[in-house]
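Residue numbers (my numbering): 8 to 419. From the three backbone atoms N, C-alpha and C, an ideal C-beta is built for every residue, glycine too. Everything on this sheet refers to the single structure shown next.
Here you go:
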């Protein structure tokens, strides 16, 4: 048994080493981007930001208000809801009536009546896109749980000056209260995905909460039509941009903080939903996650059981080998956590202290995050049902879904 463990253990060490090297590259890429500062090249074009909202969530007013105060010469924000009685509409209405918007910013609220053919967010986005100013040259998509800094929009749109770049993406970084176990577990889980982005425009993916695309590219690729029947705006956008032979640029300066907390049940619901969506729209990625996390679970579980049995039997080899393997995996994984925290601190300097404290917790939580990935992947293999902002769906295929039930909710 110990020799079987050794084979799989060394394989896990190898993957951990690759992950650590990826962390080094991630830090280097973020450092270069931070040094560049996201300076605009040429004239800044008129932008439309689409911000779909449903229900209340922590920091909603703060997040949406930040959209109206971007350091950008001319842009519009279209807030979109599916029901005029949605509590988010009241928050938006108050913001629209307040002063303090950036000089070049205009904003409006639209109500998009659902047709129940696609995921609710997708339907709202499709309706909102039709309301964009005819002069808008760039479309930007935003998630309401993110809080963008003043330079977010300028940084996100800057790489679109190069026609080879089809889309530009940022990503979210969860910053829950420091001592929230469930909030920090979700943050650790999410952090591993954030550091998968980097300088290779062929491998990057769009995150729907911070993505920019030229309007002519969006229309040429018929994204609105491709969204019909789907639950995922960003997976579809990623697929179509790649099919067109265009690159997806990761812009670290457009990473956004998401400060909300969550309960243990919400952690399981959120992470499992993400994996079910991944299984539907990117089955190879889901399979890789299942196998990779499954390998980790096997090696760590066996690495604890073997020494116990070996110690009882007086077998030193069965004690030493697992200890060495698990130590190597731990050192590399904790090193990746530290590298990632250093990188994010560069682009969210106002949160650097909180990120450093968070990293200490993630040095403990990273194994649980890996086990959570395995649970998510297994759950995705057994069910295609998800609940998203109070609406239940069954993901039939990558182009079709069924709405199971609808519940009005005041929370995300």
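When you compare each of the options to residue i by their alpha carbons, which one comes out closest?
i, options, result
"residue 340", "371, 318, 352", "371"
"residue 438", "109, 116, 187, 215", "There is no way to answer for residue 438, as the model of the chain reaches only from 8 to 419."
"residue 384", "201, 295, 258, 205", "295"
"residue 349", "92, 409, 362", "362"
"residue 229", "250, 103, 81", "250"
"residue 356", "233, 96, 37", "37"
"residue 219", "63, 278, 64, 54", "54"
"residue 117", "80, 109, 97", "97"
"residue 196", "409, 112, 378, 120", "378"
"residue 327", "223, 313, 185", "313"
"residue 392", "405, 409, 380", "409"
"residue 403", "239, 115, 162", "239"
"residue 252", "209, 62, 120", "209"
"residue 146", "24, 224, 351, 95", "224"
"residue 164", "65, 143, 51", "51"
"residue 307", "336, 141, 407", "336"
Classify residue i: buried if its beta carbon has 16 or more other beta carbons within 10 angstroms, exposed otherwise.
i, result
"residue 241", "buried"
"residue 324", "exposed"
"residue 389", "exposed"
"residue 193", "buried"
"residue 127", "buried"
"residue 310", "buried"
"residue 188", "exposed"
"residue 16", "buried"
"residue 82", "buried"
"residue 74", "buried"
"residue 21", "exposed"
For residue i and residue j, I'd like the C-alpha separation in whole angstroms.
i, j, result
"residue 367", "residue 375", "14 Å"
"residue 420", "residue 101", "Summary: the structure shown does not reach residue 420, with the chain confined to residues 8 through 419, and so no result is reported for it."
"residue 333", "residue 305", "12 Å"
"residue 418", "residue 265", "Low confidence applies to residue 418: its pLDDT is 47, below 50, so where it sits in the model is not reliable enough to give any reading."
"residue 211", "residue 274", "25 Å"
"residue 221", "residue 105", "30 Å"
"residue 78", "residue 394", "36 Å"
"residue 166", "residue 254", "11 Å"
"residue 86", "residue 130", "14 Å"
"residue 245", "residue 277", "21 Å"
"residue 200", "residue 381", "14 Å"
"residue 399", "residue 123", "11 Å"
"residue 256", "residue 186", "34 Å"
So residue i packs on residue j, CB below 8 Å; how close in whole Å?
i, j, result
"residue 425", "residue 30", "The question about residue 425 has no answer here: the residues shown for the chain are numbered 8 through 419."
"residue 125", "residue 234", "6 Å"
"residue 259", "residue 41", "7 Å"
For residue i, verify whether its CB is less than 8 Å away from any heavy atom of the ligand ATP.
i, result
"residue 303", "Looking for the ligand ATP in the displayed structure turns up nothing, as the structure carries no ligands at all."
- Between the stretch 155-164 and the stretch 55-74, do at least 3 Cβ pairs fall closer than 8 Å? yes
- Query: Are the stretch 123-140 and the stretch 47-66 in contact at 8 Å, needing three or more beta carbon pairs?
  - Reply: yes
- Message: For the structure I just gave you, are there three or more beta carbon pairs, one from the stretch 172-183 and one from the stretch 12-22, closer than 8 Å?
- Response: no
- Please determine if the stretch 203-210 and the stretch 281-299 are in contact, where contact requires at least 3 C-beta pairs separated by less than 8 Å. no
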